[in-house]
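Numbering (this note's numbering), first residue to last: 619 to 769.
Given below as structure tokens:
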């Protein structure tokens, strides 16, 4: 009788230990995800909006380039709400914003991003790669005007 009672206690102790271990593992996973989120929510949202603006402005530059007879640079209005705010953009021979002026310059000109958004840019073989922290966000191919999201 005593051994049966001891076995039951031992079994309950093991069950409690197992449940406690599982709860701690789940809490660790949830807290780990919460604390290791690379980008705060506002940065993700602002980056998405800025990428959309960049994409729209690349298309606008190309349309304006075709409309004006394939000039070396075009003037666009980057913000519809900013009356008279115009921007001169250098274009390549394909009619898209020229990456040779610098990827960071293109980002500043065409994305109208928040200054607090720490985007880094690099140019390689006519392709601009943009990062937010360590995360690759998107690339811009100057030859085709493509903006390709990487996330």
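Quick reminder that beta carbons are idealized off the backbone N, C-alpha and C, glycines included. These numbers were taken from a predicted model, which means no experiment stands behind them.
In or out: residue i buried (at least 16 other Cβ within 10 Å) or exposed?
i, result
"residue 664", "buried"
"residue 706", "exposed"
"residue 646", "exposed"
"residue 668", "buried"
"residue 643", "exposed"
"residue 709", "buried"
"residue 770", "The chain is shown only over 619 to 769; residue 770 falls outside these bounds and no answer can be derived."
"residue 718", "exposed"
"residue 670", "exposed"
"residue 633", "exposed"
"residue 683", "buried"
"residue 641", "exposed"
"residue 679", "buried"
Quick one: what does DSSP say residue i is sitting in, helix, strand or coil?
i, result
"residue 688", "coil"
Return the Cβ separation of residue i and residue j in integer angstroms, given the expectation that the two are a contact with Cβ distance under 8 Å.
i, j, result
"residue 755", "residue 761", "That belief does not hold up - the Cβ atoms of residue 755 and residue 761 are roughly 20 Å apart, past 8 Å."
Between residue i and the rest of its own chain, which residues show a CB-CB distance below 8 Å, the 5 nearest in sequence each way excluded?
i, result
"residue 686", "692"
"residue 677", "763"
"residue 768", "754, 755, 756 and 757"
"residue 688", "713"
Can you list, in chain order, the residues of its chain whose CB lies under 6 Å from that of residue i, leaving out five sequence neighbours each side?
i, result
"residue 746", "717, 721, 739 and 758"
"residue 728", "672 and 675"
"residue 724", "715"
"residue 741", "717 and 721"
"residue 731", "668"
Quick one: what's got a C-beta closer than 7 Å to residue i's C-beta in the same chain, skipping five residues either side?
i, result
"residue 661", "735 and 750"
4-residue-minimum alpha helix (DSSP H) runs that sit fully inside the stretch 703 to 762, ordered along the chain = 721 to 729
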